[in-house]
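Right, one structure below, let's go through it.
There are 2 protein chains.
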Amino acid sequence: MNAPSSTTGERLVHVPLGDRAYDILIGPGLIARAGGEIIARLTGRRVAIITDENVGPLYLAQLMDSLQTDGFEAVSLVLPPGEKTKSMDGLAAATDMILAARIERGDAVIALGGGVIGDLAGFAAGIVRRGVRFIQIPTSLLAQVDSSVGGKTGINTRHGKNLLGVFHQPDLVLADTAVLDSLSPREFRAGYAEIAKYGLIDKPYFFHWLEKNWKKVFEGGPERIEAIAISCQAKADVVVEDERETGRRALLNLGHTFGHALEAATGYDSSRLVHGEGVAIGMVLAHQFSARLNLASPDDGQRVAAHLAEVGLPTRMVDIEGGLPPTQILMEAIAQDKKVKSGKLTLILTRGIGQSFVADDVPTSEVFSFLEDMR
Amino acid sequence: MNAPSSTTGERLVHVPLGDRAYDILIGPGLIARAGGEIIARLTGRRVAIITDENVGPLYLAQLMDSLQTDGFEAVSLVLPPGEKTKSMDGLAAATDMILAARIERGDAVIALGGGVIGDLAGFAAGIVRRGVRFIQIPTSLLAQVDSSVGGKTGINTRHGKNLLGVFHQPDLVLADTAVLDSLSPREFRAGYAEIAKYGLIDKPYFFHWLEKNWKKVFEGGPERIEAIAISCQAKADVVVEDERETGRRALLNLGHTFGHALEAATGYDSSRLVHGEGVAIGMVLAHQFSARLNLASPDDGQRVAAHLAEVGLPTRMVDIEGGLPPTQILMEAIAQDKKVKSGKLTLILTRGIGQSFVADDVPTSEVFSFLEDMR
Ligand SMILES: NC(=O)c1ccc[n+]([C@@H]2O[C@H](COP(=O)([O-])OP(=O)(O)OC[C@H]3O[C@@H](n4cnc5c(N)ncnc54)[C@H](O)[C@@H]3O)[C@@H](O)[C@H]2O)c1
Ligand SMILES: NC(=O)c1ccc[n+]([C@@H]2O[C@H](COP(=O)([O-])OP(=O)(O)OC[C@H]3O[C@@H](n4cnc5c(N)ncnc54)[C@H](O)[C@@H]3O)[C@@H](O)[C@H]2O)c1
Ligand SMILES: [Zn+2]
Ligand SMILES: [Zn+2]
Chain A
1 MNAPSSTTGE RLVHVPLGDR AYDILIGPGL IARAGGEIIA RLTGRRVAII
51 TDENVGPLYL AQLMDSLQTD GFEAVSLVLP PGEKTKSMDG LAAATDMILA
101 ARIERGDAVI ALGGGVIGDL AGFAAGIVRR GVRFIQIPTS LLAQVDSSVG
151 GKTGINTRHG KNLLGVFHQP DLVLADTAVL DSLSPREFRA GYAEIAKYGL
201 IDKPYFFHWL EKNWKKVFEG GPERIEAIAI SCQAKADVVV EDERETGRRA
251 LLNLGHTFGH ALEAATGYDS SRLVHGEGVA IGMVLAHQFS ARLNLASPDD
301 GQRVAAHLAE VGLPTRMVDI EGGLPPTQIL MEAIAQDKKV KSGKLTLILT
351 RGIGQSFVAD DVPTSEVFSF LEDMR
Chain B
1 MNAPSSTTGE RLVHVPLGDR AYDILIGPGL IARAGGEIIA RLTGRRVAII
51 TDENVGPLYL AQLMDSLQTD GFEAVSLVLP PGEKTKSMDG LAAATDMILA
101 ARIERGDAVI ALGGGVIGDL AGFAAGIVRR GVRFIQIPTS LLAQVDSSVG
151 GKTGINTRHG KNLLGVFHQP DLVLADTAVL DSLSPREFRA GYAEIAKYGL
201 IDKPYFFHWL EKNWKKVFEG GPERIEAIAI SCQAKADVVV EDERETGRRA
251 LLNLGHTFGH ALEAATGYDS SRLVHGEGVA IGMVLAHQFS ARLNLASPDD
301 GQRVAAHLAE VGLPTRMVDI EGGLPPTQIL MEAIAQDKKV KSGKLTLILT
351 RGIGQSFVAD DVPTSEVFSF LEDMR
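Line by line, the protein sequences give chains A and B.
Each residue of the first sequence is one higher than the one before, counting from 1 in the UniProt record's numbering.
Each residue of the second sequence is one higher than the one before, counting from 1 in the UniProt record's numbering.
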């Protein structure tokens with residue numbers, strides 16, 4: 001990884017996964033020239049675009065134009081926005097449309113939207129004819145820095161989130177950084193929490209750079225491209241090392257065990273808490289818990305909390321509107337997320353900013369009393 | 001591959017697919033000791049069994065007993081028999097049951113049934129938590145010699161058969177040859193067509209052996225085990241060479257392009273034609289067409305037809321009850337099955353018994369006039 005530079009141009013992150021290697025292009029205006037980038041990487045000439053009712057009206061026509069100019073036959077499906085679309089019904093609708101469009105193995109499914117559309121369309125692409133080509137055009141910040149990279153796809157079931165899916169790597173990711181201007185500030189901040197996460201995992205200088213430059217990331221321009229490129233590179237590095245998530249990829253869960261428990265405790269009600277907000281609080285908790293275990297200095301936790309709060313993210317459990325259920329319920333949600341073995345739990349802890357590690361023997365009793373004290 | 005021997009005991013075929021390698025055990029009585037075989041190969045202790053209403057009443061209790069004796073927590077789902085179960089609804093039912101049973105990545109889904117149950121349960125196992133362990137207990141002859149080996153899974157859609165699915169290799173295949181005694185003679189013959197296919201592809205001595213020993217294969221005993229073992233080995237060899245079906249695996253389609261067209265032309269009505277019957281007619285047609293193109297001697301086609309007819313399989317289009325639609329409709333079904341490029345078609349042809357090859361430039365006009373003449 002390179003230290004942040006301040007070029008203004010487009011960036012390319014290559015994900016070297018052997019015969020499943022692919023490029024991530026990052027910069028403004030990529031949707032307008034998607035056709036040319038795709039045609040260079042695809043043997044087929046048919047594409048099926050899946051998008052949602054928020055993103056479709058804003059960017060679908062532009063994408064269709066570009067594809068048709070380059071000679072593609074393109075069809076599209078516009079689904080309702082939100083987590084509910086990641087369901088069996090959504091999957092049935094997506095696969096039916098892809099098959100009706102006669103997409104063959106060399107043709108592609110294109111996801112145009114946030115993580116919901118990316119996860120659903122990627123799953124559909126992974127199972128139609130046992131796998132057709134797949135292109136991600138992530139339009140939320142979270143999707144650009146996290147969900148569009150790595151090949152995890154899936155839907156939710158009544159038993160929990162993301163319980164059905166496949167690993168299906170995209171053939172190309174086009175992160176058009178200009179489309180983030182239409183994203184709500186709250187969704188932008190939520191995606192920013194995941195950017196900060198990469199610094200906190202193992203890139204202290206990146207976290208420091210974010211402390212100085214975060215406003216420019218929010219405003220757009222070269223710093224936004226830079227922050228997204230560094231994040232994609234960080235995620236790609238982990239994915240290449242551990243494609244099927246058996247080891248190191250677990251570090252990407254920094255802040256997520258606590259975060260998921262908070263999401264569950266608020267009933268996945270996005271008006272109360274969106275994923276990135278849960279992660280922000282979770283990362284602060286991970287630093288504070290590490291300090292409590294004398295693994296890290298309390299100053300680091302304070303510094304993390306200060307930065308995330310400055311950006312406008314919640315950093316404490318009391319920041320969640322409507323209150324939380326008893327700690328016992330939070331513990332049960334944690335046990336659902338991570339297997340508990342004889343009273344011990346795997347958590348991502350830290351020795352300081354940019355020094356996270358996997359701790360696989362954390363006593364649940366310690367976690368319980370910590371959470372009791374923090375609320 | 002070894003030449004047929006006449007041992008009486010159980011056979012083991014190993015499928016060396018690197019970290020997805022697995023064993024196929026073939027012999028009578030395997031269901032009764034399934035628990036022991038599975039426990040030796042699985043880290044988890046929970047299993048979810050999927051079966052159908054024909055097979056369940058016959059063998060489910062025995063399987064559950066064996067699993068429970070060996071300490072497994074086993075639950076089961078009994079689905080209606082038949083091709084309709086290979087649907088989105090079937091998939092939703094299967095995955096829901098597997099998740100309700102809290103099957104984790106080290107636990108397993110077990111398919112107890114014919115190819116329908118194997119294809120459905122394998123697909124479900126491939127997508128629950130992005131892949132849990134999977135064990136095949138094939139109970140039809142077709143499933144024992146074909147569908148349970150190779151990792152192809154899937155369901156049907158209104159756009160066609162097997163259009164949704166994943167590659168998901170099993171961790172173990174237990175082919176209990178005694179359960180074939182309860183299979184209807186018609187289904188047994190249909191599976192036998194696939195056994196004959198392996199001889200016709202590239203094992204002339206196996207075809208000769210079948211001509212002499214087929215009655216003993218039908219009756220049971222060491223010849224049945226032998227024929228199934230040779231078939232599994234033949235399929236495994238092809239799969240290992242070409243796991244994702246990009247080349248050589250196409251030879252397994254001998255007789256299938258014609259066969260699928262006949263199945264489509266009879267509306268997939270299994271009272272008129274089951275898959276193996278279509279394959280039997282298709283293999284004879286492939287030999288006759290090869291003779292017509294002066295690639296093979298007509299004697300070979302006659303010999304193939306004579307053997308399949310002796311066994312009780314249909315070998316000519318006129319053998320199909322209720323008649324066939326015009327040849328033009330058959331040609332459209334063929335074009336649906338295989339991509340037609342500028343009037344040329346890919347077909348598996350032969351230079352004689354055991355000498356099949358992929359011909360990728362067969363003029364559709366020749367196929368049309370051949371089919372016209374044969375009906
Ligand atoms: N596959 C993975 O590795 C992975 C990783 C992290 C998260 N996820 C998944 O991602 C999902 C969350 O992703 P998300 O936060 O992008 O949610 P999302 O897709 O619901 O997008 C958030 C909201 O922003 C809207 N939106 C998106 N782009 C926009 C734009 N440019 N302008 C205006 N509105 C826009 C969407 O319509 C939606 O209402 C979750 O389902 C989560 O499970 C997957
Ligand atoms: N995955 C693959 O590689 C592959 C290969 C070939 C075929 N297939 C699929 O396999 C399916 C056909 O398989 P099939 O012919 O086994 O069909 P099937 O599963 O429908 O079984 C045929 C009939 O026999 C019954 N049966 C099965 N075992 C029995 C037993 N021991 N005793 C009594 N009855 C029994 C079943 O209930 C059913 O009614 C098709 O869906 C086809 O697409 C898949
Ligand atoms: Zn996250
Ligand atoms: Zn077949």
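Cβ atoms here follow ideal geometry from the backbone N, Cα and C, with glycine treated the same way.
- Message: By alpha-carbon positions, which one of B:Arg272, B:Val238, B:Asp181, B:Glu332 ends up nearest to residue 379 of chain B?
- Response: No information on residue 379 of chain B is available, as it lies outside the stretch 1 to 375 that chain B covers here.
- A:Asp269: buried (16+ other C-beta within 10 angstroms of its C-beta) or exposed? A:Asp269 is exposed by the Cβ-count criterion.
- Task: For B:Phe167, return the contacting residues in chain A, with the cut-off set at a CB-CB distance below 7 Å.
- Result: Result: Arg130.
- Message: Between A:Met97 and chain B, is the shortest Cβ-Cβ distance under 7 Å, so that the two count as touching?
- Response: No - not a single Cβ of chain B is within 7 Å of the one on A:Met97.
- Specify, as a first and last residue, the run of the alpha helix (DSSP H) that B:Tyr59 falls within. 56 to 69 is the span of the alpha helix (DSSP H), which, as asked, contains B:Tyr59.
- Message: Which residue marks the beginning of the beta strand (DSSP E) containing residue 411 of chain B, and which one marks its end?
- Response: With chain B covering 1 to 375 only, the question about residue 411 of chain B has no answer from this structure.
- Would the segment 101 to 121 of chain B and the segment 131 to 149 of chain B be scored as touching if the rule is three or more Cβ pairs under 8 Å? Using a Cβ-Cβ distance cut-off of 8 Å, the segment 101 to 121 of chain B and the segment 131 to 149 of chain B are in contact, since at least three pairs of beta carbons, one from each stretch, lie closer than that value.
- What are the start and end residues of each continuous beta strand (DSSP E) run of 3 or more residues lying completely inside the UniProt domain "3-dehydroquinate synthase C-terminal" (191 to 340) of chain A, in chain order? You should have found no qualifying run.
- Message: If you reduce the DSSP assignment to three classes, tell me which class A:Leu12 lands in.
- Response: Assigned with DSSP and collapsed to three states, A:Leu12 falls in strand.
- Along the chain, where does the beta strand (DSSP E) that runs through B:Glu104 open and close? No beta strand (DSSP E) contains B:Glu104, which DSSP labels as neither H nor E.
- Taking the alpha helix (DSSP H) that B:Val116 falls in, what are its first and last residues? Judged by DSSP secondary structure, B:Val116 falls within the alpha helix (DSSP H) whose first and last residues are 115 to 127.
- Count the other C-beta atoms from every protein chain shown that fall within 10 angstroms of the C-beta of A:Glu329, then say buried if there are 16 or more, exposed otherwise. In the sequence under discussion, the amino acid at residue 329 of chain A is Ile, which differs from the Glu named in the question. A:Ile329 comes out exposed.
- Message: Measuring straight from C-alpha to C-alpha, what distance separates B:Asn54 and A:Glu187?
- Response: Here the alpha carbon of B:Asn54 sits roughly 52 Å from the alpha carbon of A:Glu187.
- Can you tell me the Cα-Cα spacing of A:Gly44 and A:Val109, whole angstroms? Near 11 Å, if we compare the C-alpha coordinates of A:Val109 and A:Gly44.
- Item | beta-carbon B:Val179 near ligand 2 non-hydrogen atom, thresh 6 Å | Ligand 2 approaches B:Val179 closely enough that one of its heavy atoms is under 6 Å from the residue's Cβ.
- Query: Taking any Cβ of chain A, which residues in the segment 227 to 248 of chain B have a Cβ under 7 Å from it, in chain order?
  - Reply: Per Cβ criterion, the list is empty.
- Item | Whole-angstrom C-beta distance between B:Val367 and B:Leu345, which should lie under 8 Å | In this structure, B:Leu345 and B:Val367 form a Cβ contact; the two beta carbons are roughly 6 Å apart against a cut-off of 8 Å.
- Query: What is the DSSP secondary structure of A:Glu73, counted as helix, strand or coil?
  - Reply: Reduced to three states, the DSSP call for A:Glu73 is strand.
- Would A:His307 count as contacting chain B if we go by Cβ distances under 7 Å? Taking CB atoms only, A:His307 has no neighbour in chain B less than 7 Å away.
- Item | heavy atom of ligand 1 below 6 Å from A:Ala143 C-beta | True, at least one ligand heavy atom lies under 6 Å from that Cβ.
- Item | Close-in-space but distant-in-sequence residues of the same chain around B:Arg129 (CB under 6 Å, 5 per side omitted) | Taken in chain order, the residues that qualify are Arg105.
- Message: Less than 7 Å between C-beta atoms, sequence neighbours within five positions excluded: which residues of the same chain meet that for A:Arg292?
- Response: So the qualifying residues of the chain are Phe370.
- Mind reading off the beta-carbon distance from A:Arg272 to A:Thr327? Whole number of angstroms is fine, and I expect it under 8 Å. About 18 Å separates the two Cβ atoms, so there is no contact after all.
- Rounded to a whole number of angstroms, what is the C-alpha to C-alpha distance between B:Gln68 and A:Glu332? If you take the alpha carbons of B:Gln68 and A:Glu332, they lie about 29 Å apart.
- Query: Tell me which same chain residues have a C-beta within less than 7 Å of the C-beta of A:Gly90, skipping the five on either side of it?
  - Reply: Result list for A:Gly90: Leu79, Leu120, Ile155, in chain order.
- Task: Return no unless some Cβ of chain A is closer than 7 Å to the Cβ of B:His14.
- Result: By this cut-off, B:His14 is not an interface position.
- At a CB-CB cut-off below 7 Å, which residues of chain B make contact with A:Ile127? Contact note: A:Ile127 reaches chain B through Leu164, Gly165, Val166, using a C-beta cutoff of 7 Å and chain order.
- What's the gap between the Cα of B:Asn2 and the Cα of B:Ile230? Residue placement at B:Asn2 is poorly supported in this model, since its pLDDT is 43, which falls under 50; the coordinates still yield a value, given next. One alpha carbon belongs to B:Asn2, the other to B:Ile230, and they sit about 8 Å apart.
- Might you give, ordered along the chain, the residues of its own chain that have their beta carbon closer than 8 Å to the beta carbon of B:Leu350, omitting 5 neighbours on each side? Contrary to the premise, residue 350 of chain B reads as Thr rather than Leu in this sequence. Counting only Cβ-Cβ distances below 8 Å, and skipping sequence neighbours, we find Leu200, Leu254, Ala286, His287, Ser290, Leu295, Ala296, Asp300, Ser356, Phe357.
- Going along the segment 47 to 66 of chain A in order, which residues come within less than 7 Å of chain B, judged by CB to CB distance? Answer in chain order: no residues at all.
- CA-CA distance, B:Ile195 and B:Asp176? Spanning the two alpha carbons is a distance of roughly 16 Å.
- Query: Which chain B residues are close to A:His159, counting only those with a beta carbon under 8 Å from its beta carbon?
  - Reply: Those are Asp96, Leu99, Ala100, listed as they occur along chain B.
- Assigned exposure category for A:Leu12 - 16 Cβ within 10 Å defines buried: Under this definition A:Leu12 is an exposed residue.
- Have a look at B:Trp214, B:Phe167, B:Leu142 and flag the residue whose alpha-carbon is nearest the alpha-carbon of B:Thr153. It is B:Phe167.
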